[in-house]
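Q: As numbered in the numbering used here, residues 16 to 272 make up the sequence shown, in order.
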Amino acid sequence: MKANNKRQHIVAGNWKMNKTFQEADELIDNLMTELENNDIADTKVIICPPAIYLEMASDMAEESYFMVGAQNVNENESGAYTGEISAAMLEALELEYCIVGHSERRAYYHETDAIVAKKVDALLKHNIKPIVCCGEVLEEREANRHFDVIKRQIQEGLFHLTAEEFANVVIAYEPVWAIGTGKTATPEQAQEIHAYIRGLIAEKYGAEVADTTSILYGGSCKPGNAKELFAKPDVDGGLIGGACLKADDFMAIIKAF
Ligand code: 13P
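1. Are the segment 179-199 and the segment 149-165 touching by the rule of at least three beta carbon pairs closer than 8 Å?
2. May I have the straight-line CA-CA distance separating ILE55 from THR199, to the nearest angstrom?
3. Anyone know if the C-beta pair for GLY172 and VAL135 falls short of 8 Å?
4. Hey, would you say GLU111 sits closer than 8 Å to ILE146, going by beta carbons?
5. Quick one: is GLN37 buried, meaning 16 or more other Cβ sit within 10 Å of its Cβ, or exposed?
6. Does the count of Cβ pairs from the segment 248-267 and the segment 226-236 closer than 8 Å reach three?
7. Does DSSP put CYS259 in a helix, a strand or coil?
8. In chain order, what are the residues with a CB under 6 Å from some non-hydrogen atom of the ligand 13P?
9. Thinking C-beta only, is LEU108 closer than 8 Å to LEU46?
10. Helix, strand or coil for LYS59, going by three-state DSSP, please let me know.
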C-alpha cells in the first residue's frame, strides 16, 4: 500500500459492448462472491456495464461493495435525441459515476473536447461523478505531442469548472495505443503522464485539489501488471477493459493495491 492516504484508490471496470443479460447477471454475481471473500481494503470498486444492465447492476450493488457507473451520457437535459440517455435518467437509478470522453467515443462517435465539457456539466448537475478519459494515439506519442494532446483534452474538457465542481471529477489516462492491444504503458510512462496531469490541475486549482484528485490508468491493465502500475505515486487505480470481463481477473487487479 502506498503512503498516500489523501486520494481514493479506484478500480473501475468498463465492460464496453460485452455480455448478454444472462452473462451480465452471472458476472456481477461472481464479482459479488469475490468481493465477499476478499479484503478490498479502502479501494473503491466501480463497474460500468452497458446501459441496458444499469438498473440490474444498481439493484445488485445494494447488496455488495461495488458502485455502478454508466459508459456514456447525452449532454442535453431531455428531448428528441433518439437512442440517447440523459444524466437525469442515470441519477434516477442512483448511479454514482459515468465515463466521459473515452477514446472509442472520441474516435467512432466524434466526441470532441467541447462535447466532453458539456457532458461533464450535465453529469455534475445531476450529482454524478464523471470519469473523464484522456490519452494520445500512437502517432501523437511518436511525434512527441502526447503532453500537448493531454493538456488540450484536460483544459478544454474540464478547466471551465470551479474548484468545488472539479473536486467531483476522476481522471483516467488511457493511451489509445495501449487499449485492447496487450501493449501496456510502462509504469514509468504512466507515472510521467499522471504527474503531468496532476501538475496541470495544481496550476489551475492549487496543490490541495491536485493532491486529492484520483487519476486512473487504463490500457491493457491486467492482473500481471497492475501491481507495478499502481505502485507509482501518481497512479491511483485503473480503468479496466478486457480484464474486467472475468470476475477473478478483475478481483486480482482490485487486490493489486
Ligand atoms: P483494455 O483494458 O481492454 O485495454 O481497455 C482499456 C479501456 O479502454 C478501459 O476504458
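We put the beta carbon where it would ideally sit given N, CA and C, even for glycine.
A: Result, derived from the coordinates:
1. yes
2. 24 Å
3. yes
4. It is not a contact, given that the beta carbons lie outside the stated cut-off.
5. Here GLN37 is exposed: its Cβ has fewer than 16 other Cβ atoms, across all protein chains shown, within 10 Å.
6. The segment 248-267 vs the segment 226-236: in contact.
7. helix
8. ASN29, HIS117, GLU189, ILE194, GLY195, GLY233, GLY234, SER235, CYS236, LEU254, ILE255, GLY256, GLY257 and ALA258
9. no
10. If DSSP states are grouped into helix, strand and coil, LYS59 belongs with the strands.
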